[in-house]
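Going line by line, the protein sequences match chains A and B. 11 is the number of the first residue of the first sequence in the numbering used here; add one for each residue after it. 67 is the number of the first residue of the second sequence in the numbering used here; add one for each residue after it. Before any comments, here is the structure.
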Amino acid sequence: GAGVSQTPSNKVTEKGKYVELRCDPISGHTALYWYRQSLGQGPEFLIYFQGTGAADDSGLPNDRFFAVRPEGSVSTLKIQRTERGDSAVYLCASSFGYNSPLHFGNGTRLTVT
Amino acid sequence: SQQGEEDPQALSIQEGENATMNCSYKTSINNLQWYRQNSGRGLVHLILIRSNEREKHSGRLRVTLDTSKKSSSLLITASRAADTASYFCATDDGNNRLAFGKGNQVVVIP
Numbered sequence: 011g012a013g014v015s016q017t018p019s020n021k022v023t024e025k026g027k028y029v030e031l032r033c034d035p036i037s038g039h040t041a042l043y044w045y046r047q048s049l050g051q052g053p054e055f056l057i058y059f060q061g062t063g064a065a066d067d068s069g070l071p072n073d074r075f076f077a078v079r080p081e082g083s084v085s086t087l088k089i090q091r092t093e094r095g096d097s098a099v100y101l102c103a104s105s106f107g108y109n110s111p112l113h114f115g116n117g118t119r120l121t122v123t
Numbered sequence: 067s068q069q070g071e072e073d074p075q076a077l078s079i080q081e082g083e084n085a086t087m088n089c090s091y092k093t094s095i096n097n098l099q100w101y102r103q104n105s106g107r108g109l110v111h112l113i114l115i116r117s118n119e120r121e122k123h124s125g126r127l128r129v130t131l132d133t134s135k136k137s138s139s140l141l142i143t144a145s146r147a148a149d150t151a152s153y154f155c156a157t158d159d160g161n162n163r164l165a166f167g168k169g170n171q172v173v174v175i176p
């Protein structure tokens, strides 16, 4: 079946601009996660949804970052007033929830110039 | 903060040899998972071991967990060139939020 889909695969934006990153999870997966990965590092947790609600957003670095999952399926990660330090690969994953492995998309590589 | 810490960071081996990676963590866990990542791709789940399990096998993979030492190991037997990738351990503290280590870069030389 189809895996986790993330669009766009690459995004280049200027400092100060707003960006939206989209994640389409595996059908039937109730849990959805956003991670951020910098070069040479492991993924860093940002936010986790169970259904439509954000169950844990403790990883969001500041209030410029926001994510939604209005219908419990597709999710959008929104970054306002982008900074060069936001440059990274943003990974989305989905799962059946508790004690289940995560299925990752290929990520969106965000470059802020 | 990163929970898992893999050791060694980079490993280069000949095809057919075994590769062993270790991971240590600091807090109590519900389960520990290992993932593989090929360059430019997302992570692929390899194996999940629960806190009450000590060893688990999946094909050529063998994972051990020692909760008293807060450590885990991943063994890949009879390595192949296709095993070249980065390998990450990740811990779940029961809050359904995985904390990943920095990863091990493994290169298998044909």
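A virtual CB, placed ideally from N, CA and C, is assigned to each residue, including glycine. This structure is a prediction, so every number in the text was calculated from the model and none was measured.
Contact check, residue i vs residue j, beta carbons under 8 Å
i	j	result
B:Y153	B:R120	no
B:V174	B:T150	yes
A:Q47	A:N116	no
A:G107	A:T40	yes
B:S117	B:N88	no
B:V129	B:S139	yes
B:D159	B:S94	yes
A:S110	A:L42	no
A:E93	A:K21	no
For residue i, three-class secondary structure by DSSP
i	result
A:G95	helix
B:A148	helix
A:A41	strand
B:L230	No statement about residue 230 of chain B is possible, as the shown extent of chain B runs from 67 to 176 and does not include it.
A:Y28	coil
B:L164	strand
A:E54	strand
B:R107	coil
A:L112	coil
Residue environment, residue i, which counts as buried when at least 16 other CB atoms sit within 10 Å
i	result
B:L112	buried
A:L49	exposed
B:Q99	buried
A:Y100	buried
B:P176	exposed
A:V122	buried
A:G95	exposed
B:N104	exposed
B:H123	exposed
Bridge partners - residue i, DSSP secondary structure assignment
i	result
B:Y153	B:R102 and B:N170
B:I175	B:Q80
A:Y100	A:R46 and A:T118
B:R128	B:H123 and B:L141
B:D114	The sequence shown places Leu at residue 114 of chain B, rather than the Asp named in the question. In DSSP, B:L114 forms a bridge with B:Q99.
Separation of residue j from residue i, as counted between CA atoms
i	j	result
B:F166	B:A156	4 Å
A:S83	B:A147	37 Å
B:G82	B:V110	22 Å
B:S137	A:P80	39 Å
B:L131	A:Q60	28 Å
A:Q90	A:Y28	5 Å
A:S97	A:W44	15 Å
A:E54	B:N161	15 Å
A:P71	A:L56	8 Å
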